[in-house]
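**Q**
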Amino acid sequence: MSLSRNSDLHMHSTASDGGYSPTELMEKCHQANLKFVALTDHDTVNGIEEAKQTAHRLGFILIPGIELSTKASGQSVHMLGYGIDWKNDTLKRRLDRQQDIRKQRLEQILLKLKAAGVPLEQDAVLRYADGGAIGRPHVAKALMDKGYVRSVQEAFEHHLAEGRPCYVKRQEYISVEQAIAWIHQAGGVAIVAHPGYYDLDDQLIGWVREYGLDGIEVYHRDHSREVVAHYEQLCKRMEAETGRRLLRTGGSDFHHESYGRTAAPLGTTRIPDQLTYELLHDLERKKTRA
Ligand code: AMP
Ligand code: ZN
Ligand code: FE
Ligand code: FE
4 MSLSRNSDLH
14 MHSTASDGGY
24 SPTELMEKCH
34 QANLKFVALT
44 DHDTVNGIEE
54 AKQTAHRLGF
64 ILIPGIELST
74 KASGQSVHML
84 GYGIDWKNDT
94 LKRRLDRQQD
104 IRKQRLEQIL
114 LKLKAAGVPL
124 EQDAVLRYAD
134 GGAIGRPHVA
144 KALMDKGYVR
154 SVQEAFEHHL
164 AEGRPCYVKR
174 QEYISVEQAI
184 AWIHQAGGVA
194 IVAHPGYYDL
204 DDQLIGWVRE
214 YGLDGIEVYH
224 RDHSREVVAH
234 YEQLCKRMEA
244 ETGRRLLRTG
254 GSDFHHESYG
264 RTAAPLGTTR
274 IPDQLTYELL
284 HDLERKKTRA
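Residues 4 to 293 in this note's numbering are what the sequence shown lists, from first letter to last.
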């Protein structure tokens with residue numbers, strides 16, 4: 004069994020709310036000596052082609068990925084998709100709709116910011132989004148630019164985080180079931196992202212049984228040792244109860260050294276390559292069955 008840990012299967016580029024272009028991000032992965040990388044931008048696959056080409060040039064494997072935003076029982080749940088066909092027309096159409104919803108939400112956030120005495124022009128935010136999937140970190144950067152806050156973190160704490168005055172729920176969310184179906188229909192496997200952020204452990208087994216969830220992001224920069232042990236155990240328990248083998252994945256959720264829920268350099272969170280081999284093996288099997 005391979006003992007090397009040169010995989011990072013969760014990160015964001017400027018195609019969504021990351022701070023580096025797909026090319027720059029892949030160069031950073033190369034510098035960090037990563038061998039297996041997945042780009043998992045929020046609700047978009049627009050960075051994948053460029054990342055794939057750069058990874059190929061630099062000599063490591065880029066797995067096409069995505070992180071879909073969903074809601075379950077009122078909680079924000081992210082669903083990772085790996086090995087998706089990023090050129091699939093149905094998927095692209097579905098994602099375009101998600102971009103429209105993100106744009107509408109921005110308009111509502113701007114109204115709330117205005118009422119809170121920290122007005123922003125829409126263009127100031129769009130400049131940071133640069134044509135990519137609009138997210139709250141772009142709003143945070145524009146607030147920083149204006150001198151309203153000193154950091155992205157402060158923008159979230161004062162204004163944008165869930166429960167803060169300028170938080171806006173999207174008008175529409177896809178469900179966990181839909182997200183899994185979209186990923187499967189695009190040829191990928193679906194993994195629930197950072198379950199340590201939610202209070203939904205009891206529902207996971209139902210997602211495996213009823214919707215075909217393929218695995219769990221056991222390892223994540225924000226999962227403590229205890230949380231990792233907890234999800235390792237939960238995976239085993241669910242495997243015993245369902246008779247299905249589950250994938251375990253993980254990664255840094257890197258956005259930028261200076262922001263992201265926790266700021267850390269790329270390459271700090273690495274997972275065993277063995278887990279990536281199992282993921283790739285599953286994807287290969289899916290392809291031969293299709
Ligand atoms: P959105 O897709 O607009 O809901 O924004 C979600 C992104 O905002 C996450 O992927 C993180 O990058 C960032 N984020 C969410 N909550 C926080 C927080 N409390 N502090 C800093 N960044 C956050
Ligand atoms: Zn993000
Ligand atoms: Fe996430
Ligand atoms: Fe993420």
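We treat Cβ as the ideally placed atom computed from N, Cα and C, and that holds for glycine. Please read these numbers as outputs of a predicted model, since none were measured by experiment.
Name, in chain order, the residues that DSSP records as bridge partners for Q78.
**A** Counting from one through the sequence shown, the residue named residue 78 turns up at place 75. Q78 pairs with A75.
**Q** What is the residue span of the alpha helix (DSSP H) that H187 lies within?
**A** Translated into the one-based positions of the sequence shown, residue 187 becomes position 184. That run of the alpha helix (DSSP H) goes V179 to Q188.
**Q** Using CA coordinates, which residue listed in L237, Y262 and A182 is at the minimum distance from L71?
**A** Reading the sequence shown from its first residue, position 68 is the one you call residue 71. Taking only the C-alpha atoms, the option nearest L71 is A182.
**Q** Can you tell me which residues form a DSSP beta bridge with D205?
**A** Locating residue 205 in the sequence shown gives position 202, where the first residue counts as 1. Per DSSP, none; premise fails for D205.
**Q** Tell me which same chain residues have a C-beta within less than 6 Å of the C-beta of R108, skipping the five on either side of it?
**A** What you label residue 108 is simply residue 105 of the sequence shown in a count that begins at 1. Excluding positions up to five away in sequence, the list reads V171 and R173.
**Q** Report the residue ranges of all beta strand (DSSP E) runs contained in full by the segment 26-72; include only those spanning at least 3 residues, in chain order.
**A** Counting only runs of 3 or more, we get 39-42.
**Q** Just tell me which of L250, T291 and K290 has its CA closest to the CA of E281.
**A** Here residue 281 refers to the residue found at position 278 when the sequence shown is read from its first residue. The option with the nearest alpha carbon to E281 is L250.
**Q** Helix or strand or just coil, what does DSSP make of E175?
**A** Numbered from 1 along the sequence shown, position 172 holds the residue referred to as residue 175. If DSSP states are grouped into helix, strand and coil, E175 belongs with coil.
**Q** Would you mind giving the Cβ-Cβ distance between L42 and L65, rounded to the nearest angstrom? I have them listed as a contact below 8 Å.
**A** Locating residue 42 in the sequence shown gives position 39, counting from the first residue. Locating residue 65 in the sequence shown gives position 62, counting from the first residue. Sure, about 7 Å apart at Cβ, within 8 Å.
**Q** Report the option in Q206, R96, W210 and S16 whose CA atom is closest to the CA atom of Y131.
**A** On the sequence shown, position 128 is the one that residue 131 refers to. Measuring from the Cα of Y131, the nearest candidate turns out to be S16.
**Q** For a cutoff of 8 Å on Cβ pairs, would you count L83 as touching chain C?
**A** Looking for chain C here will not work: only one protein chain is present.
**Q** Consult DSSP for H233 and reduce its assignment to one of helix, strand or coil.
**A** Residue mapping note: residue 233 aligns to position 230 of the sequence shown, counting from 1. Reduced to three states, the DSSP call for H233 is helix.
**Q** Under the rule that 16 or more other beta-carbon atoms within 10 Å means buried, what is L116, buried or exposed?
**A** Numbered from its first residue, the sequence shown carries residue 116 at position 113. It is buried - the Cβ of L116 has at least 16 other Cβ atoms within 10 Å.
**Q** Any idea if L37 is buried or exposed, counting beta-carbon neighbours within 10 angstroms, 16 or more meaning buried?
**A** Counting from 1 along the sequence shown, the entry for residue 37 is found at position 34. That one is buried.
**Q** Going by other Cβ atoms of all chains shown within 10 Å of its Cβ, with 16 needed for buried, is R139 buried or exposed?
**A** Position 136 of the sequence shown holds residue 139. Buried.
**Q** Could you tell me the distance, in whole angstroms, from the CA atom of N9 to the CA atom of V121?
**A** Stepping through the sequence shown from its first residue, residue 9 is reached at position 6. Stepping through the sequence shown from its first residue, residue 121 is reached at position 118. Looking at the two C-alpha atoms, the distance is approximately 43 Å.
**Q** Using a Cβ distance threshold of 8 Å, determine whether the segment 84-101 contacts the segment 175-194, with at least three qualifying pairs required.
**A** Touching, per the Cβ criterion.
**Q** Do G246 and T272 have their C-beta atoms closer together than 8 Å?
**A** Locating residue 246 in the sequence shown gives position 243, counting from the first residue. Locating residue 272 in the sequence shown gives position 269, counting from the first residue. No, these two residues do not count as a Cβ contact at 8 Å.
**Q** Which residues in the same chain have their Cβ closer than 8 Å to the Cβ of K290, if we skip the five residues on either side of it in sequence?
**A** The sequence position of residue 290 within the sequence shown is 287, counting from 1. Around K290: G190.
**Q** If I follow the unbroken beta strand (DSSP E) through A193, where does it start and stop?
**A** Taking the first residue of the sequence shown as 1, we reach residue 193 at position 190. Counting along the chain, the beta strand (DSSP E) containing A193 begins and ends at V192 to V195.
**Q** Assign P168 to one of two classes, buried (16 or more other C-beta atoms within 10 Å of its C-beta) or exposed (fewer than that).
**A** Here residue 168 is taken as the residue at index 165 of the sequence shown, counted from 1. P168 is exposed by the Cβ-count criterion.
**Q** Between which two residues does the beta strand (DSSP E) holding Y222 run?
**A** Here residue 222 refers to the residue found at position 219 when the sequence shown is read from its first residue. Taken as a continuous stretch (DSSP letters only), the beta strand (DSSP E) holding Y222 covers G218 to H223.
**Q** Excluding sequence positions up to five away, which residues of its chain have a Cβ less than 8 Å from the Cβ of S261?
**A** Locating residue 261 in the sequence shown gives position 258, where the first residue counts as 1. Counting only Cβ-Cβ distances below 8 Å, and skipping sequence neighbours, we find G22, S154 and V155.
**Q** I'd like the span of the alpha helix (DSSP H) that includes R139, first residue to last.
**A** Working through the sequence shown from its first residue, we reach residue 139 at position 136. Note, R139: alpha helix (DSSP H), R139 to D148.
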